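Report on the structure given below.
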Amino acid sequence: MGIQNINIEVRNDGDDLNLTSMYIEGFSDPNIPVPLMQVSGPFRWRAGAFFKALFPADFSRAATNETLVSIIVQRQLGADTINLRIVKKIFVVGFEYDPKTKNIITKLPHAICKTHIKTILTNKAMLAAATCKACTKTKRPCCKCCSSSSDGQGRNRQAQVDKVPKFVQSAVTEVVYAHPFAGKHGPLPFEDPLHKIIIALAALVALYIAEKLRRGQNSGGGDGGEGSAGVGGTWDETGNVECCEGGFEASVSGMLEELNGWHAAAGVLLTVAALSDDADLFERGQEATTPAKDELTISEIAEFVAQFGDATGITFGDSFGGFIDWVYKRALDSGRVLEHNVAKEPFKNVHLLDSYKVNVDWAYHDDGIYTHNRRRTLYISASFVKHPSHRNLTKTSGSTDKTMFIGPELYVIAILISDKGQRVVLELRDDGAQTGKSQPNSGVYVVSTPGIRFEEGNWYLFVVSQDTNTVIEGTEPRIAAKTIGGLVLTNQYSLRFDQEPCQLDHDAVITMITGAAEPISIR
41 MGIQNINIEV RNDGDDLNLT SMYIEGFSDP NIPVPLMQVS GPFRWRAGAF FKALFPADFS
101 RAATNETLVS IIVQRQLGAD TINLRIVKKI FVVGFEYDPK TKNIITKLPH AICKTHIKTI
161 LTNKAMLAAA TCKACTKTKR PCCKCCSSSS DGQGRNRQAQ VDKVPKFVQS AVTEVVYAHP
221 FAGKHGPLPF EDPLHKIIIA LAALVALYIA EKLRRGQNSG GGDGGEGSAG VGGTWDETGN
281 VECCEGGFEA SVSGMLEELN GWHAAAGVLL TVAALSDDAD LFERGQEATT PAKDELTISE
341 IAEFVAQFGD ATGITFGDSF GGFIDWVYKR ALDSGRVLEH NVAKEPFKNV HLLDSYKVNV
401 DWAYHDDGIY THNRRRTLYI SASFVKHPSH RNLTKTSGST DKTMFIGPEL YVIAILISDK
461 GQRVVLELRD DGAQTGKSQP NSGVYVVSTP GIRFEEGNWY LFVVSQDTNT VIEGTEPRIA
521 AKTIGGLVLT NQYSLRFDQE PCQLDHDAVI TMITGAAEPI SIR
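Written as structure tokens, this is what we have:
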């Protein structure tokens, strides 16, 4: 797994605090080294506010298991230092890919999971790296042209389709238990449903296999059978290939990785929607099959195929659906195999957003066009209205408007991309720490940019929000496991199942100019 970020979020239930900081003291797993000199703060801590900090840690040699992490929150009070220790558990899971069997192998403390991606839905013509129309136009950032041709500009030459949308349409997962269990339901690993593991790996595997196909490597066949990864679906596979549209003039090279992230996020959302935000396939299959009292379950298999019916595409934060065919099999120590089949089970996306609003320098413009003096601090703020059908989020106290997402219910970032391809990523927080214009848990997520000097020109702003897992600690694991977080809600990206695969739109254009320097306050 290598270096991974540990996201720590702490709430201040007392009065306003100043000169507070946070760091990781250590882990119960001795194979995880303590991050050195990774201190967050000191910062102003408003009463009732949540504060987050990211700490990179090396999990290369970590054991797959529950691990305790000790966090120190430190406050400086005059000449005295006050420390508060918080101990929490995290779950560490490692995986490996077997190129011979095309299986993802996940080793858990109680079982071994093997996941095989059978079919990837994408556009075959794009994977074949066909010629891209007008590929030098920067609004088609998935195309990358050769620059070594005779004209030296890459015009009218073969284009390489570098980033294309793709997602898992069908997969099968087998779980073999180290200790067979009695009754209907087996152990719940890490208080999470098994299909979360499939979801976490599916996008990675899809990208890996599809890239091999694009490069013309043999993946074992294309019929979706065992030991292969087929490419299929309803996309139009004829004619010239159209790349992802975008209403901005950003550098092509600067947008390739950006699009790759959007494609992966779309693939994860589609898989989450298909496999349900409620009980996973294993849980539902276990409930539908009952072993005899003297029988033990030794292994299980769940397989699914997703279809999107008449849907023309998806947009983050919007409702879309389809149906899924799935099969569950339970192998018993007696030799019997219990099976449960479901055909054309409907599903729908429940990670929904009613609307959102982005402000620049505390102002809102209908046309989304702003001018900013690059020598002064830039302020970006956003608020997000919940959709009535959004998944049942746990309410967080302190909100002045229960229709708004507040505080830790969202993870929000601002992505700024210049017309020269430069990229800046900032996190927006609803913690009231920015200026007197923001209050904690008010539903207004804010970030400021002191110390960042933007170059002159047009900068395209994307404010991206993801829902989070807001289950209260101590909730019964099988109930807690039904809540999934981390899905994108804002609708800049649309994926279509036709010849024009996707649309990527910005929230605002900020023209950076050079003006008078920001006044310095001397007290």
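Each residue of the sequence shown is one higher than the one before, counting from 41 in my numbering. For glycine and all other residues, C-beta sits at the position ideal for the given N, C-alpha and C. Since this is a predicted model, take the numbers as computed values, not measurements.
Tell whether a beta-carbon distance below 7 Å holds between residue 86 and residue 483. Start at 1 with the first residue of the sequence shown, and residue 86 comes out as number 46. Start at 1 with the first residue of the sequence shown, and residue 483 comes out as number 443. Contact: no.
Quick test of your reading: residue 135 and residue 106, contact by CB under 8 Å. State the CB separation rounded to the nearest angstrom. The residue you call residue 135 lines up with position 95 of the sequence shown. The residue you call residue 106 lines up with position 66 of the sequence shown. Taking 8 Å as the upper bound for CB-CB distance, residue 135 and residue 106 are not in contact here, some 17 Å apart.
Please classify residue 118: is it buried, with 16 or more other beta-carbons within 10 angstroms of its beta-carbon, or exposed? As a working mapping, residue 118 is identified with position 78 in the sequence shown. Result: exposed.
Worksheet item: Cα separation between residue 462 and residue 314?
Response: In the sequence shown, the residue the question calls residue 462 occupies position 422. In the sequence shown, the residue the question calls residue 314 occupies position 274. C-alpha of residue 462 to C-alpha of residue 314: approximately 36 Å in a straight line.
Per DSSP, cross-strand counterpart(s) of residue 51 | As a working mapping, residue 51 is identified with position 11 in the sequence shown. Partner(s): 90.
message: Whole angstroms are fine: how far does the CA of residue 492 sit from the CA of residue 346?
response: Along the sequence shown, read from residue 1 onward, the residue named residue 346 stands at position 306. Along the sequence shown, read from residue 1 onward, the residue named residue 492 stands at position 452. Taking the Cα positions, residue 346 is about 45 Å away from residue 492.
Between 153, 68, 312 and 141, which lies nearest to residue 522 when the distance is taken from Cα to Cα?
Taking the sequence shown and counting its residues from 1, the one referred to as residue 522 is at position 482. For residue 522, the closest of 153, 68, 312 and 141 by C-alpha to C-alpha distance is 312.
- Query: Straight-line CA distance for residue 68 to residue 127?
  - Reply: Position 28 of the sequence shown holds residue 68. Position 87 of the sequence shown holds residue 127. Between residue 68 and residue 127, the C-alpha separation is close to 10 Å.
Taking just the CA atoms, how far does residue 75 sit from residue 44? Counting from 1 along the sequence shown, the entry for residue 44 is found at position 4. Counting from 1 along the sequence shown, the entry for residue 75 is found at position 35. One C-alpha to the other measures close to 11 Å.
Q.
Counting C-beta neighbours from all protein chains within 10 Å, is the total for residue 549 16 or more, i.e. buried, or is it exposed?
A. Here residue 549 refers to the residue found at position 509 when the sequence shown is read from its first residue. By the C-beta density criterion, residue 549 is buried, having at least 16 other C-beta atoms within 10 angstroms.
- Mapping DSSP to helix, strand and coil, what is residue 491? Translated into positions along the sequence shown, residue 491 becomes position 451. Looking at residue 491 - three-state DSSP - the assignment turns out to be coil, as it is neither helix nor strand.
- Alpha carbon to alpha carbon, how far is residue 62 from residue 551? Give it in angstroms, no decimals. Within the sequence shown, numbered from 1, the residue matching residue 551 stands at position 511. Within the sequence shown, numbered from 1, the residue matching residue 62 stands at position 22. Put simply, the backbone Cα of residue 551 is about 37 Å away from that of residue 62.
* Enclosing alpha helix (DSSP H) for residue 519 [first to last residue] -> Along the sequence shown, read from residue 1 onward, the residue named residue 519 stands at position 479. Counted as a single uninterrupted DSSP element, the alpha helix (DSSP H) harbouring residue 519 occupies residues 517-520.
Practice task
Would you mind giving the Cβ-Cβ distance between residue 357 and residue 387, rounded to the nearest angstrom? I have them listed as a contact below 8 Å.
Solution key: Counting from one through the sequence shown, the residue named residue 357 turns up at place 317. Counting from one through the sequence shown, the residue named residue 387 turns up at place 347. Rounded, the Cβ-Cβ distance is 17 Å, inconsistent with contact.
### Task
Please confirm if the region 509-524 is in contact with the region 326-346, defined as three or more CB-CB distances below 8 Å between the two stretches.
With the rule of 3 Cβ pairs closer than 8 Å, the region 509-524 does not count as touching the region 326-346.
Quick one: using the 10 Å Cβ neighbour count with 16 as the cut-off for buried, is residue 331 buried or exposed?
As a working note, residue 331 is residue 291 in the sequence shown. Burial call: buried.
Residue of 416, 376 and 146 minimising C-alpha distance to residue 329: Here residue 329 is taken as the residue at index 289 of the sequence shown, counted from 1. When only C-alpha atoms are compared, the closest one is 376.
Please name the residue, chosen from 454, 518, 505 and 515, that lies closest to residue 447 on a Cα-to-Cα basis.
The residue given as residue 447 occupies position 407 in the sequence shown. Answer by Cα proximity: 505.
Q) Excluding sequence positions up to five away, which residues of its chain have a Cβ less than 7 Å from the Cβ of residue 496? A) Residue mapping note: residue 496 aligns to position 456 of the sequence shown, counting from 1. Once the five neighbours on either side are set aside, the close Cβ partners of residue 496 are 414, 552, 553 and 554.
What do you get for residue 402, buried or exposed, if any count of 16 or more other CB atoms within 10 angstroms of its CB means buried?
As a first step, residue 402 is located in the sequence shown; it is residue number 362 there, counting from the start. Its Cβ having fewer than 16 others within 10 Å, residue 402 is exposed.
Item checked: Which listed residue (527, 487 and 457) has its alpha carbon closest to that of residue 499 -> Translated into the one-based positions of the sequence shown, residue 499 becomes position 459. Sorting 527, 487 and 457 by C-alpha distance to the C-alpha of residue 499 places 457 at the top.
Exercise for the section: Measure from the alpha carbon of residue 88 to the alpha carbon of each residue in 318, 52, 103 and 123, then state which is nearest. Expected result: Walking along the sequence shown from the start, residue 88 turns up at place 48. Measuring from the Cα of residue 88, the nearest candidate turns out to be 52.
Give the single residue among 73, 113 and 383 whose Cα lies nearest to the Cα of residue 101. In the sequence shown, counting from the first residue as 1, residue 101 sits at position 61. Residue 73 is the option with its Cα nearest to residue 101.
Classification of residue 519 by the beta-carbon crowding that lies within 10 angstroms, buried from 16 upward: For the purposes of this step, residue 519 is taken as residue 479 along the sequence shown, with counting starting at 1. Residue 519 comes out exposed.
**Report entry** Whole-number beta carbon distance between residue 528 and residue 392, since they are thought to touch under 8 Å
**Finding:** For the purposes of this step, residue 392 is taken as the residue at position 352 of the sequence shown. For the purposes of this step, residue 528 is taken as the residue at position 488 of the sequence shown. About 11 Å; that fails the 8 Å criterion.
### Query
Quick one: Cα of residue 385 to Cα of residue 368, how far?
On the sequence shown, residue 385 is found 345 positions in, with the first residue counted as 1. On the sequence shown, residue 368 is found 328 positions in, with the first residue counted as 1. In this structure, the alpha-carbon of residue 385 lies about 14 Å from that of residue 368.
- Task: Please state whether DSSP places residue 327 in a helix, a strand or coil.
- Result: Against the sequence shown, residue 327 aligns to sequence position 287. Residue state, collapsed to three classes: helix.
Per DSSP, what are the beta-bridge partners of residue 498 in this structure? In the sequence shown, counting from the first residue as 1, residue 498 sits at position 458. Residue 498 is bridged to 551.
Burial state of residue 48 (16 or more Cβ within 10 Å):
In the sequence shown, the residue the question calls residue 48 occupies position 8. Residue 48 comes out buried.
Notebook entry, point to check: So, helix, strand or coil for residue 411, using DSSP?
Noted result: For the purposes of this step, residue 411 is taken as the residue at position 371 of the sequence shown. DSSP places residue 411 in strand when its eight states are reduced to three.
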